[in-house]
Every structure is written in C-alpha cells, then in structure tokens.
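S.K.: Just so you know, the sequence shown maps onto residues -7 to 452 in my numbering.
From the three backbone atoms N, C-alpha and C, an ideal C-beta is built for every residue, glycine too.
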Amino acid sequence: MVAKKKVIAVMLVGMLMVSGCGRKEVDYNLDQKQGDTGDNAGTADGALADRLGIPKSYSGDIRVGNSGLVSIAIEDNDIEVPSTDSMRIEYLEANTMDAEYKQKIAQTVFGRSDGIYQYDYEQNIRSKHDIEQEMEIKQWCIDYMKNAGETEFLDEYEEDLIKLQQDYENAPEEHETPGDWSASKYIGDMGDIQFMLEFSPYNEALYFAYHISYNMAPILYRPYRGAMQAFYSSGDDIEAEEGENQCSWNREEALEMARDFLNDCGIKDVAVEWERNLKWQYFASGSSEDITNEIDGYSFRFVRSIDGNAVYHEDTYEVDTLTQGAEFYEIYDVWIDDNGVLDAFCYDMFRPTGQTEENVSLLSWKEILEIADITIPEYYTEHKTNYDTVTFNDVKLTYFLVNGKDENSYQYIPVWVFEEKNENGAPIQLIMMDAVTGEQIDINERKFEDIEFTKVYHYR
C-alpha cells in the first residue's frame, strides 16, 4: 500500500535574517566577576566538554547593566555539548534546482529513467490516465453512497462521472515527457497509484516534495470498509505506541530506508530530530469523527548534521527581540509504509564545498561566561524585550549557518546558544555567540541574498 495526503503549499514571503560573523579577534575585558562555573556539578560528558571546562549544569546570574531588566540568569541542568573532541568550520554554497538536479531527483524517487512525465497543473491539462484515476475516485464515492443509503448527492456524483467519461475521449494518452527538465512538477506510477514530484518554482533551491498525485485519493491507496475518506498524519512517538505499529518493516529497517532515500538524493550528513508512527484515519461521508484509525508506518524528521551533531534550527517566531522570526531550513521529512517511501518533503538548500577549517580554537566555558556578562546586557539595552526577567534554561554548543565573505558562500560555525524556552518548548529569548571569537550573532542582520527564502508550509 502506498498513500499520501495532498501537499498544500502556502507561501509566506520574506525571512531569515542573521548576522555578519567575521573571524576577527575581539578584545574583551575578561576580569568581570562571575557566578558558579558549575565545577561542583562536574563537567559535561565528552572530551570537548572536559577540555573547555563545560559543566553538566550551571546556575548563575548575568549582569543587567543598562538593559532595564530586573534580572538575567542562566539555569540549565543539562548543557548540550557535541559528542566529538573538536569542532570545525564548514563551507557551503547554495544548491540550485537546475535541469540536471531535477532529472537526478526524479529518476531517484521514481526508481527509473522512463515512465516519468511533466505535469502542467496550471493549464489543467489532463491525460487519459489522470482521468481514469479521477473516475475511479468518483466511482468509489458513488458505490459508497449507494451502500450507505445516502442519496442527497448521488445524482451530482453520477453526472460528474459522465462528464469525466466525456473528457476522457478527447484527452491525450499521457502527459509530455520531461524534455529539458525545466518543469516544476512530474508524475509517474508507483504500482497502481500515481505519484507526483514537485520542485520549488524557483531556480534557487528551496524544497522538493514527493507525494500521491492530486488526481488520486488516499482511500484508493488504502481502502477501509465503511469509509469514504482516508487521511494519514504523523502520530505519537514510537515509544508511546510501542507494539501497535502494523507496518511490515520494523523501526530500524524503516529508518535505514529513509536514510538511503536521502543519500540517493544527494542529501548526506543528517541526524534524526524525531521519529514517530504513521497514523491512518478513516471517515464516513460528511463526518468529522473518524470511524477508526490505525498505526501503520513511520515518519522521520532529519536535520543537517556535522560530525553526527544536529545544527541549530529552532523556530524563533516567539522571540520578541527579533524583527523577523527565522525558521532554518535544512530539514527533511521522510515517511515510510509497507511499500517503501510514501512521502518526502525536503528543504535541500545547500551543498558543502569540501572546504573546512578543522579543529578550530574554541573559547573556554569560563571565557564565554565572562564575555556574556558584558555583551548580553548590551544586547538587551539595544533590543528591548517585553519581559522583566530573562532566564536562559537551555544552553548548548552547536553549529549555525551564517553568510560567508564571498557571494553565494555560507559557513556552518561553532556557536553557543542561550535560550529561554516556554512550557511548550518554544524559544522566547535567544542569544547566540560565536564560539571561536565570542562575537554575538544577530539573527536580525543575517541575509541570504542569493536564495529565495519563501516559506512553504507542508500540511500533512
């Protein structure tokens, strides 16, 4: 079985602004009095934490200076540090979805080089094959209404089916072949079901999405007795529903399948952010309550990683000191069911150039605190917050993407992230510091001018 909900793309223009982070040395006054460095709690796990004196937990105050805040504090009992003995700077360039790229992805997701067609949805060109699938959906609905004794819309559905039969006579056998691969949508059959591959409508990279074609319906992919409609979505964490998943693959096999899919698409170096069960819901005609639901399949979210460590990519729309919230993109969703890859939505934004600066010199935890005691109150003096107090309860050493010096150049650099998260886990305060120089990274100032950062929401 292979099913998929429609991917609805809703565009929201403009975004992602973040710092200039040069590599210049910064001379800070490091003689400020600090709170407990956390030595009593011991250092965090790993060689890097041990070398930099990073504690497992920390509780201490930051000076408020002229910020107007009543207090600024750090209260974190689980400071996150990469599980490596060093960190690096990695250089990237913007990916482009040119003809060569589209051809490679299309042949990868469809698993072949022929039987792939470009799809002109805007001009409403439908092939005989498209209409056959639409007629199958319409016939399913008619049969359902007859069996259920529902006659209110039966005549309308039967008239629609007659019209589809008339359209079928004059329709072309199939869509055009890809030609120069300049189109943004492609279709092909996977078994008895038509699937669609969509690319961002821009030449600059943003996303590609693989899903059941708009001409199809999940209920035909996964029929259920007494149901007229079927939907699937990401369910609970796998552990929460352990033993309930009906998928023929176990979790490890599905995860390997998802990783192989991304690797074949040229997306390497990823880490799992979350893994969940795939939930199927079935509905009767006109009902908002599901008849039943089943757990069958897996959904995985991957993010870009460096040395196996996920980069920072939190949504920051609730941080009130930012003029524009930023959602960071190198995120890849892959959904697996009995037939393999059912659904994929990938922000395939960048490609490593192969250039790196290995084992960069990082500031110690003590030095970071001393710098923070000066620069954090300065930040809040310039960027006023609606809160009286700030308590950073989530602190981590990680990687973050910033502009490079040259056009179309980008860098992942080591950074310290200080967040205050609310009860829902969303950041409401955010300070980011270059872990090499101690400079603050201002998300308001970062600009990726070579890439069209139009946000696409993928509803599942």
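Would you mind listing the beta strand (DSSP E) stretches within the region 203 to 276 that are 3+ residues and don't spill past its ends, in chain order?
M.R.: If we require 3 residues or more, the beta strand (DSSP E) runs fully inside the region 203 to 276 come out as 221 to 229, 262 to 275.
S.K.: Could you give the C-beta distance for Tyr111 and His167, rounded to a whole number, given that I count them as a contact under 8 Å?
M.R.: Walking along the sequence shown from the start, residue 111 turns up at place 119. Walking along the sequence shown from the start, residue 167 turns up at place 175. Indeed, because the Cβ distance is near 6 Å, the residues count as touching under 8 Å.
S.K.: Under 7 Å Cβ to Cβ from Val18, same chain only, skipping five residues before and after it: list those, please.
M.R.: In the sequence shown, residue 18 corresponds to position 26, counting from 1. Because the pLDDT at Val18 is just 38, under 50, the model does not fix this residue reliably, and the value given afterwards should be weighed accordingly. Result list for Val18: Thr429, Gly430, Glu431, in chain order.
S.K.: Less than 8 Å between the CB atoms is what I'm expecting for His464 and Glu286, so what's the real figure, rounded?
M.R.: Outside the modelled stretch of the chain, which goes from -7 to 452, sits residue 464, for which no answer is possible.
S.K.: Just to confirm the assignment, what range does the beta strand (DSSP E) spanning Val101 have?
M.R.: For the purposes of this step, residue 101 is identified with residue 109 of the sequence shown, where counting begins at 1. Premise fails: Val101 lies in the alpha helix (DSSP H), 91 to 102, not in any beta strand (DSSP E).
S.K.: Helix, strand or coil, according to DSSP, for Asp23 in the structure here?
M.R.: Stepping through the sequence shown from its first residue, residue 23 is reached at position 31. Because Asp23 sits at a pLDDT of 37, beneath the cut-off of 50, its placement in the model cannot be relied upon, and the point is left open.
S.K.: Tell me which residue opens and which closes the alpha helix (DSSP H) that Gln125 is part of.
M.R.: Translated into the one-based positions of the sequence shown, residue 125 becomes position 133. Note, Gln125: alpha helix (DSSP H), 120 to 140.
S.K.: Exposed or buried, Lys138, counting other C-beta atoms within 10 Å across all chains shown (16 or more means buried)?
M.R.: Residue 138 sits at position 146 when you count from the first residue of the sequence shown. Exposed: under 16 other Cβ atoms inside 10 Å.
S.K.: Determine the DSSP secondary structure at Ala418, reduced to helix, strand or coil.
M.R.: One-based indexing of the sequence shown puts residue 418 at position 426. Three-state DSSP puts Ala418 in coil, outside helix and strand.
S.K.: Helix or strand or just coil, what does DSSP make of Glu455?
M.R.: Here the chain comprises residues numbered -7 to 452, so residue 455 is not present and cannot be evaluated.
S.K.: What first and last residue would you give for the beta strand (DSSP E) that runs through Ile323?
M.R.: Here residue 323 refers to the residue found at position 331 of the sequence shown. Looking at the DSSP string, the run of the beta strand (DSSP E) that includes Ile323 is 323 to 329.
S.K.: Could you check how far apart the C-beta atoms of Thr383 and Glu412 are, in whole angstroms? I think they sit under 8 Å.
M.R.: The sequence position of residue 383 within the sequence shown is 391, counting from 1. The sequence position of residue 412 within the sequence shown is 420, counting from 1. Confirmed, Cβ separation roughly 6 Å.
S.K.: If Asp307 and Ala418 are in contact, beta carbons under 8 Å, what's the gap, nearest whole angstrom?
M.R.: Here the question's residue 307 lines up with position 315 in the sequence shown. Here the question's residue 418 lines up with position 426 in the sequence shown. Yes, they are in contact, since the Cβ atoms of Asp307 and Ala418 sit about 7 Å apart, within 8 Å.
S.K.: When DSSP labels each residue in this structure, what does Lys155 get in the three-state scheme?
M.R.: In the sequence shown, residue 155 corresponds to position 163, counting from 1. It is helical.
S.K.: If you pair each beta-carbon of the region 363 to 376 with each one of the region 219 to 231, do three or more pairs fall below 8 Å?
M.R.: Output reads no: the region 219 to 231 does not touch the region 363 to 376.
S.K.: For Ile433 and Gly396, I'd like the C-alpha separation in whole angstroms.
M.R.: Looking up residue 433 in the sequence shown gives position 441. Looking up residue 396 in the sequence shown gives position 404. Straight-line Cα distance between these residues: approximately 13 Å.
S.K.: Where does Ile179 fall in DSSP's three states?
M.R.: The count along the sequence shown starts at 1 and reaches residue 179 at position 187. If DSSP states are grouped into helix, strand and coil, Ile179 belongs with the strands.
S.K.: Closest Cβ-Cβ distance between Lys177 and chain D: below 8 Å?
M.R.: No chain D appears in this structure, which consists of one protein chain only.
S.K.: Counting C-beta neighbours from all protein chains within 10 Å, is the total for Glu151 16 or more, i.e. buried, or is it exposed?
M.R.: As a working note, residue 151 is residue 159 in the sequence shown. Glu151 is exposed by the Cβ-count criterion.
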